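In our numbering, the protein residues as written are 3 to 443.
As structure tokens, the structure follows; a few thoughts come after it.
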Ligand SMILES: [Zn+2]
């Protein structure tokens with residue numbers, strides 16, 4: 003039976019039940035697949051109505067066994083052009099098989115869309131569902147044909163796209179942009195998800211959902227019918243792989259203004275946590291620094307030649323961040339506020355070599371208007387001094403600049419900053435538009 007593993011039916015579609023992959027079938031307890039197997043055979047013999055179809059050719063199939071393991075098989079008389087046809091195929095023609103598969107995939111696609119609409123309609127708030135109907139645009143010239151468009155009372159409209167194997171980045175991007183502009187949340191449902199073998203097209207979709215992969219499989223379909231609302235299976239990325247999947251109601255997801263919905267943010271969340279951990283020993287050291295302007299007790303800093311100056315730089319930078327976060331604290335000196343501290347240290351020259359670096363930091367924070375005050379004048383004077391050959395400014399690839407970039411990447415690492423902006427996760431202290439009132443002094 004299993005002579006050619008490439009010719010095994012990889013996916014079945016059960017009428018009224020939904021899809022079941024060969025892998026899921028194998029993972030079923032014996033009771034589970036044996037009851038499917040007998041019900042399919044019963045239907046063939048006139049009892050009951052359970053029908054399963056090959057997802058490639060839509061031909062009726064049954065469950066057979068090989069080495070005591072269940073697998074799907076076509077009934078006699080199956081279409082020999084089916085790419086999963088396991089019988090004799092004297093003139094294999096791959097091109098034709100591919101075209102044929104494309105046509106059949108659209109049949110399968112339509113069935114899945116109908117199923118999604120049916121499950122969404124179980125919700126008592128359901129006002130309407132549409133499958134593959136034109137959605138006129140409100141703002142731009144082109145409308146779209148969402149796979150499924152649902153409207154729930156008190157919830158509004160949402161679109162579901164059932165990913166086809168050929169949905170690639172361009173189309174993905176265009177659809178995300180379109181629905182975002184229309185203010186309609188867009189959920190991409192994956193046709194399958196095997197977390198040990200993820201094609202790029204699938205990975206791209208998961209990324210749009212912040213590391214969440216959504217699937218409508220047997221568990222999710224069953225739970226949807228139990229709870230009378232759309233329930234999905236969700237795999238959450240943990241960086242290296244994926245956690246065990248969980249079931250989630252669609253309406254329990256987070257719906258950010260500008261992005262696809264997600265259950266848990268597995269992109270920005272872990273990144274922010276990593277940054278926080280990195281900063282932790284520094285914050286701890288600064289808080290216990292107290293009045294003694296001594297070396298900061300952070301091991302990493304021992305490699306810096308000018309320890310005192312580096313310590314003061316870090317203290318000044320963290321004070322700027324504290325101010326920007328709305329929790330003013332001067333870690334660097336006894337001055338009443340950071341403006342007095344900054345002015346003094348630029349004048350005395352002790353932070354003058356870092357004027358460019360500190361300017362870059364302030365520019366990307368909510369206290370950027372500091373640069374319009376005397377603080378800005380002092381910083382510019384130091385930078386000017388550099389041009390005149392009096393004060394050497396540290397360079398972007400210097401040890402000091404690298405250290406601050408690692409500690410405060412939200413402001414100083416353009417790539418991380420952009421990632422956080424894209425994920426709507428830039429902390430408010432690093433948000434330039436979140437301007438804090440500055441007294442001019
Ligand atoms: Zn088939």
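A virtual CB, placed ideally from N, CA and C, is assigned to each residue, including glycine.
All values reported here derive from a predicted model rather than from experimental measurement.
Candidates the options, of which the one nearest residue i by Cα
i: residue 156; options: 128, 221, 179, 36; result: 128
i: residue 135; options: 152, 122, 120; result: 152
i: residue 365; options: 319, 400, 195; result: 319
i: residue 326; options: 193, 138, 412; result: 412
i: residue 191; options: 198, 264, 241, 244; result: 264
i: residue 30; options: 71, 431, 256; result: 71
i: residue 76; options: 64, 85, 69; result: 64
i: residue 379; options: 349, 404, 399; result: 349
i: residue 353; options: 79, 237, 419, 335; result: 335
i: residue 252; options: 395, 387, 118; result: 118
Length of the line joining the Cα atoms of residue i and residue j
i: residue 159; j: residue 105; result: 30 Å
i: residue 42; j: residue 55; result: 10 Å
i: residue 34; j: residue 22; result: 12 Å
i: residue 83; j: residue 24; result: 20 Å
i: residue 57; j: residue 221; result: 19 Å
i: residue 427; j: residue 210; result: 14 Å
i: residue 435; j: residue 280; result: 26 Å
i: residue 305; j: residue 316; result: 15 Å
i: residue 371; j: residue 323; result: 14 Å
i: residue 297; j: residue 309; result: 7 Å
i: residue 328; j: residue 402; result: 26 Å
i: residue 120; j: residue 18; result: 10 Å
i: residue 112; j: residue 15; result: 12 Å
i: residue 385; j: residue 400; result: 16 Å
i: residue 390; j: residue 180; result: 53 Å
Other residues of its chain near residue i: CB distance less than 6 Å, five sequence neighbours each side excluded
i: residue 267; result: 212
i: residue 132; result: 151
i: residue 81; result: 59, 61
i: residue 193; result: 165
i: residue 259; result: none
Exposure label - residue i; buried when at least 16 CB within 10 Å
i: residue 235; result: buried
i: residue 130; result: exposed
i: residue 125; result: buried
i: residue 442; result: Residue placement at residue 442 is flagged as unreliable, the pLDDT there being 43, under the threshold of 50; a coordinate-derived value is accordingly withheld.
i: residue 148; result: buried
i: residue 202; result: exposed
i: residue 341; result: buried
i: residue 417; result: exposed
i: residue 94; result: Annotation note: pLDDT 45 at residue 94 (below 50); position unreliable, no value reported.
i: residue 92; result: Unreliable positioning characterises residue 92 in this predicted model, as indicated by a pLDDT of 42, which lies under 50. A coordinate reading is not provided.
i: residue 138; result: exposed
i: residue 242; result: exposed
i: residue 424; result: exposed
i: residue 231; result: buried
i: residue 11; result: buried
i: residue 2; result: No answer is possible for residue 2: the residues shown for the chain start at 3 and end at 443.
i: residue 199; result: exposed
i: residue 432; result: buried
i: residue 171; result: exposed
CB-CB length for residue i against residue j, believed under 8 Å
i: residue 9; j: residue 87; result: 7 Å
i: residue 314; j: residue 347; result: 7 Å
i: residue 38; j: residue 73; result: Actually they do not touch by this definition, with Cβ atoms about 12 Å apart.
i: residue 177; j: residue 188; result: 7 Å
i: residue 419; j: residue 273; result: 11 Å between Cβ atoms; not a contact.
Close Cβ partners of residue i (< 8 Å) along its chain, the five nearest in sequence each way excluded
i: residue 300; result: 283, 284, 287
i: residue 406; result: 315, 316, 319, 359, 363, 414
Residues of its chain near residue i, where Cβ-Cβ distance is below 7 Å and the 5 sequence neighbours each way are ignored
i: residue 429; result: 412
i: residue 185; result: none
i: residue 44; result: 50
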